[in-house]
Each structure stands twice: as structure tokens, then as C-alpha cells.
Amino acid sequence: MATGARIIGLAKLQKKLNAMPQIAKEEIKKALEQSADEIVELAKNLVPEDTGELRESIGWTYGKVPRGAMTLGKVFASKLATDLTITIYAGNSEAYYARFVEFGTQKMSARPYFYPSYRANKKKAQSRIRRSITRAAKKAAAL
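All letters in the sequence shown, in the order written, are residues 6 to 148 by the working numbering.
Here you go:
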């Protein structure tokens with residue numbers, strides 16, 4: 006009766022497993038950025054253009070939003086991985102009225118631009134992130 010087992014190729018497997026997190030992070034970041042770009046582009050197309058300041062203030066970042074901006078939403082791969090979270094924002098010191106346009110006021114009806122854009126791209130973003138994880142696993146396996 007055998008008392009021990011020998012695994013052939015363990016070092017190679019360990020190398021692939023160690024590379025997986027970094028490869029996955031790179032692939033997921035690409036997917037997040039592409040998804041954020043699509044959401045921002047559609048939001049810019051949907052926002053009413055008076056002076057154009059609000060349209061120009063819409064963007065995304067990995068860090069904190071610019072001063073005076075309103076956080077519109079987040080695109081993330083995991084609630085635990087804060088470095089894989091993109092924040093989409095609108096407004097700045099000149100376009101302080103971003104929330105008034107999106108949600109309306111007592112005297113002004115809402116003209117939503119972000120949430121329709123987010124809803125239109127949400128499933129595509131989720132699918133893109135899932136595919137990026139699969140792609141990362143395949144790249145790690147090919148090492």
C-alpha cells in the first residue's frame with residue numbers, strides 16, 4: 006500500500022496559480038474601463054446640452070471624484086477589491102447642477118441621463134467582466 010503520492014508538475018502548477026491574480030486584475034481592469042467608457046459616452050449623449058459644462062464634467066476615475074462632482078454610480082468586479090472599482094461622476098464647481106438635471110427639483114422635471122445609460126450597459130458590463138476572468142484563467146493556464 007502506498008503511503009505517499011508524488012505530484013508531477015507541481016512547480017509549474019504553482020507558477021500558474023501565482024500568476025493568476027495579476028493576470029486577472031489586468032484583464033478585469035480592461036473590462037471595467039471599457040464598460041465605464043461606454044456608460045460615460047451614452048450619458049454624455051443623453052444629457053441635455055445648454056452650455057455643455059455638464060456634458061464635459063461627466064467622467065470616471067479609480068480614485069476620488071473631483072471636488073464638487075456627484076457620484077453617479079460605480080462599476081466593480083468585487084465589493085471587496087477596492088482597487089477594481091471605477092466611480093462614474095458628473096458635475097464640478099461650474100456644473101454643480103448635475104443632480105438637479107438627473108433627479109429634478111420641485112419646479113423642474115427630471116431629465117435623467119445617467120441611470121438610463123447605466124441600465125442600458127449594466128448587463129453588458131457584467132458579462133464583459135465574467136469573460137475577462139475566463140480570459141485571465143486561460144492566459145494563466147497557457148504560461
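For glycine and all other residues, C-beta sits at the position ideal for the given N, C-alpha and C.
_Identity of the residue in R60, L89, Y120 nearest G78 by Cα_ = Locating residue 78 in the sequence shown gives position 73, where the first residue counts as 1. Out of R60, L89, Y120, the CA that lies nearest to the CA of G78 is found in Y120.
*Pull up the DSSP beta-bridge partners for T90, would you.*
On the sequence shown, residue 90 is found 85 positions in, with the first residue counted as 1. BP columns for T90 point to F81.
*Roughly how many angstroms separate the alpha carbons of A48 and G96, rounded to a whole number?*
Taking the first residue of the sequence shown as 1, we reach residue 48 at position 43. Taking the first residue of the sequence shown as 1, we reach residue 96 at position 91. Distance between the alpha carbons of A48 and G96 is about 12 Å.
*asked:* According to DSSP, is M113 part of a helix, a strand, or is it coil?
replied: Position 108 of the sequence shown, counting from 1, holds the residue named residue 113. Under the three-state reduction of DSSP output, M113 falls in the coil class, being neither helix nor strand.
_Just to confirm the assignment, what range does the beta strand (DSSP E) spanning T66 have?_
Here residue 66 is taken as the residue at index 61 of the sequence shown, counted from 1. Element bounds for T66: 64 to 66.
*Buried or exposed: which applies to N23, given that a residue is buried once 16 or more other Cβ atoms fall within 10 Å of its Cβ?*
As a working note, residue 23 is residue 18 in the sequence shown. N23 comes out exposed.
*Environment of L89 [buried if 16+ CB atoms lie within 10 Å]*: The sequence position of residue 89 within the sequence shown is 84, counting from 1. With 16 or more Cβ atoms within 10 Å of its Cβ, L89 is classed as buried.
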